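There are 2 protein chains.
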Amino acid sequence: MATAIDDFYAVIPAGGIGSRLWPLSRADAPKFLHDLTGSGHTLLRDTWNRLEPLAGEGRIAVVTGRAHRAAVENELPGIPDMNVILESEPRDSTAAIGLAAAILVRREPEVIIGSFAADHVIRVPHLFEWAVRQAVETARKGYICTIGIQPSEPSVGFGYIRKSGELVIDGAPEAALVGSFVEKPDLDTAKAYFADRSYLWNAGMFISRADVLLAEIAEQEPELHASLLELAAAWDDREARGPAVDRIWPTIKKIAIDYSVAEPAAAKGHLAVIPGHFDWDDVGDFASLAKLNSHGRKNDLAILGENARVLSDAASGIVVSQTSRVISLVGVRDIVVVDTPDALLVTTSEHAQRVKGVVDALKLTGRGDVL
Amino acid sequence: MATAIDDFYAVIPAGGIGSRLWPLSRADAPKFLHDLTGSGHTLLRDTWNRLEPLAGEGRIAVVTGRAHRAAVENELPGIPDMNVILESEPRDSTAAIGLAAAILVRREPEVIIGSFAADHVIRVPHLFEWAVRQAVETARKGYICTIGIQPSEPSVGFGYIRKSGELVIDGAPEAALVGSFVEKPDLDTAKAYFADRSYLWNAGMFISRADVLLAEIAEQEPELHASLLELAAAWDDREARGPAVDRIWPTIKKIAIDYSVAEPAAAKGHLAVIPGHFDWDDVGDFASLAKLNSHGRKNDLAILGENARVLSDAASGIVVSQTSRVISLVGVRDIVVVDTPDALLVTTSEHAQRVKGVVDALKLTGRGDVL
């Protein structure tokens, strides 16, 4: 295994419930705390394991909600206390990643940070490492750098990043400037992007010097930036940390880092991208989870759950079993069945995106007990 | 309400698990012990309530498995002990109905018995009563009489009875001879039968003098007949009853009364039929249960279960809920979801008949605990 990168620190924002994966994913057991691939580890742990060879021992920070502190520490027994950055409530990605940057830059002014979601699935780790190493070299030159996934199909489920001019950077032969960001396309557009090869999936990975990232936030969102510095100043004092969060955090503007940092930086020719050639999925819904677990065989029934007792007669799709009940499927195609102790979901791959609506409806109808 | 018929005794064979209704219907909670119509009563109780005005108080016998004795007595608190006829194991309908006939004829040599399954659904009770009263008048003339249901659609799910010559019987203006029995037809044949109007659904209802029925069994199945007489002789002696059943019952030939009695009687011009104009269903599978509970609205989602917590987004079909779990259905059409504490079934109306295969597979794979 290659050695870790000296001046690199990994940041894992572990927020977001994953409403489209309800009732598997819950407020108290969000997506990143589940093993969705049968790896035997949670997505969070897989993310950690993927990053540790790059960042080195003890050089990963996790930004998560206070409610998940115990679960996160349980999953990551090696994490230093000062690297568990707790939010009192979700304030979107600029606040989460920006706070980590502000805290880490006080410890190491030259530090390069890389932010990677806690709940994505990545296969072929050495290709991931290769992309990150190139991104770090690019960041070292002062760019904010993202990793865009080379599409494996014309997906309409992801946003895209368009590459423009190539950059010449030692140790980053694939580095290019980002021309623009594109929202989720329709199928025809996605097909054109797929054929073009200069469009990459936006996987929300950002690698940058912490000071460069903070400068960009300062320019676009000065108030937010000031709040982050104030919080960071209090951070390493255990007594001051909690009260500072309580006071400042709820006032921070909610804005995705894509809008506060990435798009403005791209407009200035300041955002670079490294294409990622590894398998990547954000496991956005059960259709995606089914695909991920069916090993590419279309008529398969994927089964998730250690004690699953499934009897299938000509069924395909996915069963997630969190109970010991016998689950019998007869003649249902592309079905999604999620069986948990207090809630059951039945839908199809086609309608998997609409599961978020169920969560909204459960809130509205006073059945929040199962969220 | 009209008065009961003096010399009439109703017999309710309450056997059969209803495998196509698994996991709702179980070995220890067979179909007849469920409320499948939202009436607030089990099918057995509904059957009893329908027959009591015809037979009179205390004049209904139930033939059931020993395992169901407590449940049956609990459902039918008024039933005299001597009218609960317990089988040590299922030996098919000739044995069940024949034993009831043999027991009752010893009490009342002239008795007319009518046998009606415990797990059918009948609506419009006064039309049912009218059919039974005609059948009793016909039986009084020495015929074995069945009630055939006037089809409401060209069903391929039922066997048919073809009427032949009309009979002239006082009090039974619709009585006719049975020409023949026909097995479940294909759709084209069913359509022809439906147009023809002389084909009726075979609902397995038989009304006859007990001695006439026994004479027919004696002619076709003399050994079986001898066993029934021996059992009946021991019946009203509480001490002798159990041992006699233990010894004789397991040796009795398993044969449906359709083959031992109805078809031979029809061949001799000895079987009559009264058309039934009431709504009838044998609730043979979940597709039928869905139809029964959707009030004829095709795109409805029928929901069975007192404490059902169902959230449906553009779903149709049926949900049976025996747990307090939230059940969420998204975009599934003609779906069948049966949610019980230890087993879950997901199928579609189209495949509902195949549920019996699940039960067989569960037996074969050692998961009989959920049967």
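Sequence order for the protein chains is A and B.
Residue 73 in the UniProt record's numbering is what sits at position 73 of the first sequence, and the numbering runs on without skipping anything.
Residue 301 in the UniProt record's numbering is what sits at position 301 of the second sequence, and the numbering runs on without skipping anything.
Every residue gets a Cβ at the ideal spot worked out from N, C-alpha and C, and that includes glycine.
Every value quoted in this text rests on a predicted model; they were computed, and no experiment measured them.
Using DSSP with H/G/I as helix, E/B as strand and the rest coil, what is residue i?
i, result
"A:Lys163", "strand"
"B:Glu87", "strand"
"B:Leu304", "strand"
"A:Phe116", "coil"
"A:Val346", "strand"
"B:Thr47", "helix"
"B:Pro125", "helix"
"A:Thr94", "helix"
"B:Ser25", "coil"
"A:Gly148", "strand"
"B:Tyr9", "strand"
"B:Thr42", "coil"
"A:Thr64", "strand"
"B:Leu36", "coil"
"A:Val326", "strand"
"A:Tyr259", "helix"
"B:Val283", "coil"
"A:Ala233", "helix"
"B:Ile207", "strand"
"A:Ala14", "strand"
Only counting the same chain, and skipping five residues up and downstream in sequence, which positions put a Cβ closer than 7 Å to that of residue i?
i, result
"A:Val105", "Val111, Ala210, Asp211, Leu214"
"A:Ala96", "Pro13, Gly15, Val63, Glu87"
"A:Ala232", "Leu99, Ala102, Ile103, Arg106"
"B:Gly159", "Phe181, Val182, Glu183, Lys184, Asn202"
"A:Glu52", "Ile60"
"A:Phe116", "Ala10, Ile12, Thr47, Leu51, Met205"
"B:Ser198", "Arg162, Lys163"
"A:Ala139", "Ile112, Cys145, Ile207, Ser208, Arg209"
Since residue i is in the alpha helix (DSSP H), which residue starts that stretch and which ends it?
i, result
"B:Thr189", "187-196"
"A:Pro264", "263-267"
"B:Leu242", "In the sequence as displayed, the identity of residue 242 of chain B is Gly instead of Leu. 238-248 is the extent of the alpha helix (DSSP H) around B:Gly242."
"A:Ala290", "286-293"
"A:Gly357", "355-364"
For residue i, collect the residues of the same chain with a Cβ closer than 6 Å to its Cβ; drop the 5 residues on either side in sequence, then sort them by chain order.
i, result
"B:Pro90", "Gly15"
"A:Gly276", "Ala131, Ile147, Ile149"
"A:Leu24", "Val320, Val338"
"A:Leu228", "Gly98, Leu99, Ala102"
"A:Ile255", "Asp92, Thr94"
"A:Asn307", "Ser324"
"B:Val283", "Leu36, Val121, Leu289"
My guess is that residue i and residue j are in contact by the Cβ rule of under 8 Å, so how many angstroms apart are they, rounded?
i, j, result
"B:Asp342", "B:Val370", "5 Å"
"A:Ile85", "A:Ala61", "6 Å"
"A:Ile327", "A:Arg309", "7 Å"
"A:Lys163", "A:Ala176", "4 Å"
"A:Leu187", "A:Pro154", "7 Å"
"A:Asp279", "A:Arg123", "4 Å"
"A:Phe286", "A:Ala352", "4 Å"
"B:Pro264", "B:Gln220", "5 Å"
What span of residues does the beta strand (DSSP E) with residue i cover, start to end?
i, result
"residue 378 of chain A", "The structure shown does not extend to residue 378 of chain A, since chain A is modelled only from 1 to 371, so the question has no answer here."
"A:Gly317", "317-321"
"A:Ile274", "271-276"
"A:Asp211", "First-last for A:Asp211: 210-220, but that is the alpha helix (DSSP H), not the beta strand (DSSP E)."
"A:Ala71", "Here A:Ala71 belongs to no beta strand (DSSP E); instead the alpha helix (DSSP H) covers 69-75."
"B:Asp313", "309-313"
"residue 376 of chain B", "There is simply no residue 376 of chain B to check, as chain B begins at 1 and stops at 371 in what is shown."
"A:Gly179", "176-182"
Quick check: is the beta carbon of residue i nearer than 9 Å to any beta carbon in chain C?
i, result
"A:Gly357", "This model lacks chain C altogether, as its protein chains are A and B."
With a CB to CB cut of under 8 Å and the five nearest residues on each side skipped, what residues in its chain are close to residue i?
i, result
"B:Arg66", "Leu86, Glu87, Ser88"
"A:Asn355", "Looking at the sequence itself, residue 355 of chain A is Val, so the reference to Asn does not match. Correct list, in chain order: Ser19, Arg20, Leu21, Trp22, Asp285, Phe286, Leu345, Thr347."
Are there any heavy atoms of the ligand ADP lying less than 8 Å away from the beta-carbon of residue i, as far as the coordinates show?
i, result
"A:Ser164", "With respect to the ligand ADP, the structure shown offers nothing to examine, as it has no ligands at all."
Legend entry - the region 326-337 of chain B: positions lying closer than 7 Å to chain A by Cβ: Val326, Ile327, Ser328, Leu329, Val330, Gly331, Val332, Ile335, Val337
Legend entry - Residues of the region 13-29 of chain B whose Cβ lies closer than 7 Å to any Cβ of chain A, in chain order: none
Legend entry - Short-range partners of chain B found in the region 90-107 of chain A, where Cβ spacing is below 8 Å: none
Legend entry - Selection of the region 342-357 of chain A by Cβ proximity to chain B, strictly under 9 Å: Asp342, Ala343, Leu344, Leu345, Val346, Thr347, Thr348, Glu350, His351, Ala352, Arg354, Val355, Gly357
Inset, instruction - Could you list the residues in the region 297-311 of chain A with a C-beta less than 9 Å from some C-beta on chain B, going in chain order? - result: Arg309, Leu311
Legend entry - Residues within the region 274-291 of chain B neighbouring chain A, beta-carbon criterion of under 7 Å: none
Inset, instruction - Give, in chain order, every residue of the region 148-181 of chain A whose Cβ lies closer than 7 Å to some Cβ of chain B. - result: none
Legend entry - Interface positions of the region 358-370 of chain A facing chain B (Cβ-Cβ less than 8 Å), listed along the chain: Val358, Ala361, Leu362, Thr365, Arg367, Val370
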